[in-house]
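Taken in order, these protein sequences are the chains called Z and X.
Counting in this note's numbering, the first sequence runs from 7 upward without gaps.
Counting in this note's numbering, the second sequence runs from 94 upward without gaps.
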Amino acid sequence: MILEEGTLQFDFSDALTGFKFDEQDKASPNFHGLSHCMKAVDFVVELDDSYLFIEIKDYRNSPIFSDNAKFNGLVKILVTKFRDTFIYRWAEEKTDKPIKYLCLIELENPMISRLMKELKRQLPQTTPNARWHKPVAVACIIANVNSWNAVFPDWQISRIQ
Amino acid sequence: MIEKIKFEKFTAFEKLEVNFSPGINIFIGENGTGKTHALKAIYSACDITKSKKSFAEKITKVFLPSGEQTGRLAKRSAGSIQGYVEVQRRIEKADKSINIRLSLSNHTKSFENATVSGAHKQWIETPLESVYIPVKDMMANAPGFRSLYSLRNIHFEEVYADIIDRVFLGSLKGPTDSTRKKLLDILQQSMDGKVVSKNEEFFLKSKQGDLEFTLLAEGIRKLALLWVLIQNGTLLNGSILFWDEPETNLNPRLMKTIVEILIELQRMGVQIFLTTHDYVILKEFDLQIDERDEIIFHSLYRDKESTEICVASTANYLDISPNAIDDTFGDLVEREIRQSMGDKGQ
Numbered sequence: 007m008i009l010e011e012g013t014l015q016f017d018f019s020d021a022l023t024g025f026k027f028d029e030q031d032k033a034s035p036n037f038h039g040l041s042h043c044m045k046a047v048d049f050v051v052e053l054d055d056s057y058l059f060i061e062i063k064d065y066r067n068s069p070i071f072s073d074n075a076k077f078n079g080l081v082k083i084l085v086t087k088f089r090d091t092f093i094y095r096w097a098e099e100k101t102d103k104p105i106k107y108l109c110l111i112e113l114e115n116p117m118i119s120r121l122m123k124e125l126k127r128q129l130p131q132t133t134p135n136a137r138w139h140k141p142v143a144v145a146c147i148i149a150n151v152n153s154w155n156a157v158f159p160d161w162q163i164s165r166i167q
Numbered sequence: 094m095i096e097k098i099k100f101e102k103f104t105a106f107e108k109l110e111v112n113f114s115p116g117i118n119i120f121i122g123e124n125g126t127g128k129t130h131a132l133k134a135i136y137s138a139c140d141i142t143k144s145k146k147s148f149a150e151k152i153t154k155v156f157l158p159s160g161e162q163t164g165r166l167a168k169r170s171a172g173s174i175q176g177y178v179e180v181q182r183r184i185e186k187a188d189k190s191i192n193i194r195l196s197l198s199n200h201t202k203s204f205e206n207a208t209v210s211g212a213h214k215q216w217i218e219t220p221l222e223s224v225y226i227p228v229k230d231m232m233a234n235a236p237g238f239r240s241l242y243s244l245r246n247i248h249f250e251e252v253y254a255d256i257i258d259r260v261f262l263g264s265l266k267g268p269t270d271s272t273r274k275k276l277l278d279i280l281q282q283s284m285d286g287k288v289v290s291k292n293e294e295f296f297l298k299s300k301q302g303d304l305e306f307t308l309l310a311e312g313i314r315k316l317a318l319l320w321v322l323i324q325n326g327t328l329l330n331g332s333i334l335f336w337d338e339p340e341t342n343l344n345p346r347l348m349k350t351i352v353e354i355l356i357e358l359q360r361m362g363v364q365i366f367l368t369t370h371d372y373v374i375l376k377e378f379d380l381q382i383d384e385r386d387e388i389i390f391h392s393l394y395r396d397k398e399s400t401e402i403c404v405a406s407t408a409n410y411l412d413i414s415p416n417a418i419d420d421t422f423g424d425l426v427e428r429e430i431r432q433s434m435g436d437k438g439q
């Protein structure tokens with residue numbers, strides 16, 4: 007399954023299905039249609055035992071994280087995109103498998119580390135008092151292209167011109 | 094200003110040449126890639142213009158090989174080894190560059206037997222103010238250290254004695270110029286006081302009274318050291334500052350101040366050489382410099398095939414490669430992802 011976003015091309019070799027979730031083309035069967043009121047992740051990929059929500063932010067050469075306000079803003083965007091996508095998929099009756107949230111953010115490694123910690127804090131996986139019976143996301147990770155390709159040899163990313 | 098250093102079969106280096114920025118030079122690299130050796134060699138060449146020691150003697154005292162056998166500074170390998178270290182500096186007044194070279198072999202018994210060549214006379218005759226800040230703080234241990242060291246009773250690399258000497262230089266006469274005053278003010282605000290000395294002992298003088306250095310946090314001692322070096326005129330236009338791992342014992346919040354001061358010193362005309370393992374220091378430079386500033390990042394690394402030390406220098410933070418600091422975080426990120434994702438995607 008090949009998916010493209012900007013100059014990045016993803017190859018999900020073991021995916022059952024996968025599509026551009028925020029599809030803006032009205033003629034497409036996957037047309038999102040609620041962009042005026044809901045945020046959306048870039049791709050949804052179905053594996054045999056889980057769904058992947060994938061969000062991509064290509065911040066190459068961007069000084070965006072020189073201040074905390076922008077940093078926290080990004081975490082909020084990532085959280086909102088996940089939640090709205092989750093609701094949309096719930097209404098589609100497509101939350102029958104565990105969901106994993108994978109954000110590809112092209113930033114240097116120390117920033118990734120900090121961002122991943124904050125995202126996990128703001129997108130809670132369980133409740134402190136055990137009221138939840140299942141997590142909304144069973145995994146929540148952030149990677150840049152290098153670390154993605156290192157940890158996911160079967161889901162390689164390449165740059166296309 | 095120091096323009097270049099060349100090594101051949103010297104300590105850890107097989108063959109290496111590094112060209113320097115007249116402003117800030119930052120060495121990064123894993124342990125054992127020769128960052129401190131590079132700093133010490135350049136510093137030795139600078140110091141002899143004031144101390145009037147021979148280059149061979151200074152390097153020997155600064156590196157302190159066992160038994161002060163200068164030949165032990167030759168790169169270790171089988172057979173007879175000939176090596177050298179060569180430093181090039183710019184003499185602005187004469188509008189030319191000159192070199193000094195120390196040649197040695199693994200059989201060189203002491204510094205007297207090593208050969209110094211190049212424009213040695215002119216090198217020594219044109220003084221260059223320099224200071225080397227070693228990893229370990231010395232100000233708290235200053236009382237009595239100098240006399241013990243001069244009696245040769247203690248085994249310490251000479252950079253530790255030198256830094257104490259620099260600190261005890263008398264303060265500049267006359268009013269402090271506005272740039273220096275600005276730097277001193279920044280430091281005084283960060284450490285909430287100024288430094289005074291009584292009988293070789295240092296104190297931080299604040300509203301609460303005088304606090305001896307042994308009772309101060311190590312990070313504050315670093316700020317205090319900079320304060321003294323700026324106040325007493327060691328760090329002025331034309332001086333050279335060497336600083337080995339400024340991040341040691343420093344609260345990350347103070348790094349912003351340290352980097353601010355270093356950039357300002359560079360704008361005043363101080364040439365700076367430092368080594369670091371720290372992301373925050375590196376990032377602070379990236380965030381605080383502007384187009385006025387001259388900075389080069391030197392990444393020392395071992396070539397995968399030859400395993401010898403190489404250098405990749407760049408003026409652009411994003412182009413630092415290899416980047417040992419970023420790679421360390423990369424490893425953490427990858428392990429965290431694997432922990433969350435199990436064997437998915439593999």
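All C-beta atoms, glycine included, are put in the ideal place defined by N, C-alpha and C.
Note that the structure is predicted; figures quoted are calculated from it, not measured.
field: Three-state secondary structure assigned by DSSP to His391/X
entry: As a first step, residue 391/X must be located in the second sequence, where it is residue number 298. Reduced to three states, the DSSP call for His391/X is strand.
message: Let's see if you can read the secondary structure: which residues bound the beta strand (DSSP E) around Tyr177/X?
response: Against the second sequence, residue 177/X aligns to sequence position 84. Residues 175-184.
Helix, strand or coil at Ala317/X according to DSSP, with G and I counted as helix: Counting from 1 along the second sequence, the entry for residue 317/X is found at position 224. Correct three-state label for Ala317/X: helix.
message: Spatial neighbours of Ser196/X within its chain, please: C-beta separation below 6 Å, excluding the five flanking residues on both sides.
response: On the second sequence, position 103 is the one that residue 196/X refers to. Closer than 6 Å at the Cβ level, and outside the excluded window around Ser196/X, lie Tyr177, Thr208.
query: chain Z beta carbons: is any one of them nearer than 9 Å to that of Phe378/X?
result: Locating residue 378/X in the second sequence gives position 285, where the first residue counts as 1. No, Phe378/X lies away from the interface with chain Z (no Cβ there is under 9 Å from its Cβ).
- prompt: Which residues in the same chain have their Cβ closer than 8 Å to the Cβ of Ala90/Z, if we skip the five residues on either side of it in sequence?
  reply: Translated into positions along the first sequence, residue 90/Z becomes position 84. For clarity, residue 90/Z is Asp in the given sequence; the question names Ala instead. Only Met44, Lys45, Ala46 meet the Cβ criterion.
task: Indicate whether Gly435/X and Ser153/Z have their beta-carbon atoms separated by less than 9 Å.
output: For the purposes of this step, residue 435/X is identified with residue 342 of the second sequence, where counting begins at 1. For the purposes of this step, residue 153/Z is identified with residue 147 of the first sequence, where counting begins at 1. Result no, Cβ atoms of Gly435/X and Ser153/Z do not sit closer than 9 Å.
field: Val252/X versus Tyr410/X - alpha carbon distance
entry: Working through the second sequence from its first residue, we reach residue 252/X at position 159. Working through the second sequence from its first residue, we reach residue 410/X at position 317. Computed Cα separation, rounded: 30 Å.
- prompt: Does the Cβ of Gln359/X have 16 or more other Cβ atoms within 10 Å, making it buried, or fewer, making it exposed?
  reply: On the second sequence, residue 359/X is found 266 positions in, with the first residue counted as 1. Classification of Gln359/X: buried, given that the 10 Å Cβ count is 16 or more.
query: Nearest-angstrom Cα distance between Ser137/X and Leu297/X?
result: Here residue 137/X is taken as the residue at index 44 of the second sequence, counted from 1. Here residue 297/X is taken as the residue at index 204 of the second sequence, counted from 1. In a straight line, the C-alpha of Ser137/X is about 31 Å away from that of Leu297/X.
query: Smallest Cα separation from Leu262/X: which of Ser144/X, Asn325/X, Asp386/X, Trp336/X?
result: Translated into positions along the second sequence, residue 262/X becomes position 169. In terms of Cα proximity to Leu262/X, the closest of Ser144/X, Asn325/X, Asp386/X, Trp336/X is Asn325/X.
message: Going by DSSP, what residue range makes up the beta strand (DSSP E) through Ala405/X?
response: For the purposes of this step, residue 405/X is taken as residue 312 along the second sequence, with counting starting at 1. Residues 402-407.
task: Specify, as a first and last residue, the run of the alpha helix (DSSP H) that Ser19/Z falls within.
output: As a first step, residue 19/Z is located in the first sequence; it is residue number 13 there, counting from the start. It is not in any alpha helix (DSSP H) - Ser19/Z carries neither H nor E in the DSSP assignment.
- prompt: So what's Ile193/X in DSSP terms, helix, strand or just coil?
  reply: Start at 1 with the first residue of the second sequence, and residue 193/X comes out as number 100. Strand at Ile193/X.
task: Quick one: using the 10 Å Cβ neighbour count with 16 as the cut-off for buried, is His130/X buried or exposed?
output: Translated into the one-based positions of the second sequence, residue 130/X becomes position 37. Its Cβ being crowded by 16 or more others within 10 Å, His130/X is buried.
- prompt: How many angstroms separate the CA atom of His370/X from the CA atom of Ser173/X?
  reply: By 1-based counting over the second sequence, the position of residue 370/X is 277. By 1-based counting over the second sequence, the position of residue 173/X is 80. Cα to Cα, the separation comes out at about 35 Å.
message: For Ser299/X, count the other beta carbons within 10 Å of its own beta carbon; 16 or more makes it buried, fewer makes it exposed. Which is it?
response: As a position in the second sequence, residue 299/X is number 206, starting the count at 1. It is exposed - the Cβ of Ser299/X has fewer than 16 other Cβ atoms within 10 Å.
- prompt: What separation, rounded to the nearest whole angstrom, lies between the Cα atoms of Ile119/X and Phe390/X?
  reply: The count along the second sequence starts at 1 and reaches residue 119/X at position 26. The count along the second sequence starts at 1 and reaches residue 390/X at position 297. So the alpha carbons of these two residues sit roughly 5 Å apart.
- request: Check whether the Cβ atoms of Asn155/Z and Ile147/Z lie closer than 9 Å to each other.
  value: If you number the first sequence from 1, residue 155/Z lands on position 149. If you number the first sequence from 1, residue 147/Z lands on position 141. No, the pair does not count as a contact, with Cβ atoms beyond the cut-off.
query: Does the beta-carbon distance from Thr104/X to Gln162/X come in below 9 Å?
result: Taking the second sequence and counting its residues from 1, one reaches residue 104/X at position 11. Taking the second sequence and counting its residues from 1, one reaches residue 162/X at position 69. Taking 9 Å as the Cβ cut-off, Thr104/X and Gln162/X do not qualify as a contacting pair.
message: Tell me the DSSP secondary structure of Lys376/X in three-state form.
response: Indexing the second sequence from 1 puts residue 376/X at position 283. The answer is helix: DSSP assigns Lys376/X an H, G or I state.
- request: Using 10 angstroms around the beta-carbon of Lys437/X, count the other beta-carbons present and answer buried if the total reaches 16, otherwise exposed.
  value: Residue numbering aside, residue 437/X sits at position 344 when the second sequence is read from its first letter. With 16 or more Cβ atoms within 10 Å of its Cβ, Lys437/X is classed as buried.
query: Taking all protein chains shown into account, do 16 or more other C-beta atoms lie within 10 angstroms of the C-beta of Ser161/Z, making it buried, or fewer, making it exposed?
result: Residue numbering aside, residue 161/Z sits at position 155 when the first sequence is read from its first letter. Correcting the residue identity first, residue 161/Z is Trp in this sequence and not Ser. With 16 or more other CB atoms across the displayed protein chains lying within 10 angstroms of its CB, Trp161/Z is buried.
task: Check whether the Cβ of Pro116/Z lies closer than 9 Å to any Cβ atom in chain X.
output: Locating residue 116/Z in the first sequence gives position 110, counting from the first residue. With 9 Å as the cut-off, Pro116/Z counts as an interface residue toward chain X.
- prompt: Taking 9 Å as the CB-CB limit, is Phe49/Z close to chain X?
  reply: Indexing the first sequence from 1 puts residue 49/Z at position 43. Output row for Phe49/Z: interface = no.
- prompt: Is the beta carbon of Asp386/X less than 9 Å from the beta carbon of Gly116/X?
  reply: Indexing the second sequence from 1 puts residue 386/X at position 293. Indexing the second sequence from 1 puts residue 116/X at position 23. In this structure, Gly116/X lies closer than 9 Å to Asp386/X by Cβ.
message: With H, G and I counted as helix, E and B as strand and the rest as coil, what does DSSP make of Leu84/Z?
response: What you label residue 84/Z is simply residue 78 of the first sequence in a count that begins at 1. If DSSP states are grouped into helix, strand and coil, Leu84/Z belongs with the helices.
- prompt: For Leu157/X, does the three-state DSSP call read helix, strand or coil?
  reply: For the purposes of this step, residue 157/X is taken as the residue at position 64 of the second sequence. DSSP places Leu157/X in coil when its eight states are reduced to three.
field: Where Trp161/Z meets chain X, residues with beta-carbon distance less than 7 Å
entry: Locating residue 161/Z in the first sequence gives position 155, counting from the first residue. In chain order: Gly438.
task: Consult DSSP for Ser153/Z and reduce its assignment to one of helix, strand or coil.
output: Translated into the one-based positions of the first sequence, residue 153/Z becomes position 147. Helix at Ser153/Z.
- request: In angstroms with no decimal places, state the Cα-to-Cα distance between Ala310/X and Leu343/X.
  value: To locate residue 310/X, count along the second sequence from 1; it is residue 217. To locate residue 343/X, count along the second sequence from 1; it is residue 250. Roughly 9 Å separates the two Cα atoms.
task: Could you tell me which residues DSSP puts in a beta bridge with Tyr107/Z?
output: Taking the first sequence and counting its residues from 1, the one referred to as residue 107/Z is at position 101. DSSP lists Phe59/Z, Cys146/Z as the beta-bridge partner residues of Tyr107/Z.
query: Beta-carbon separation of Ile227/X and Ile256/X under 9 Å?
result: What you label residue 227/X is simply residue 134 of the second sequence in a count that begins at 1. What you label residue 256/X is simply residue 163 of the second sequence in a count that begins at 1. Note that residue 227/X is Pro in the sequence shown, not Ile. It is a contact, given that the beta carbons lie within the stated cut-off.
query: From what residue to what residue does the alpha helix (DSSP H) around Ile118/Z run?
result: Here the question's residue 118/Z lines up with position 112 in the first sequence. Counting along the chain, the alpha helix (DSSP H) containing Ile118/Z begins and ends at 115-128.
- request: Count the CB pairs spanning the segment 147-160 of chain X and the segment 130-148 of chain Z that are closer than 8 Å, and state whether there are at least three.
  value: no
Interface positions of the segment 359-389 of chain X facing chain Z (Cβ-Cβ less than 7 Å), listed along the chain: Cβ contacts with chain Z come from Tyr372, Leu380.
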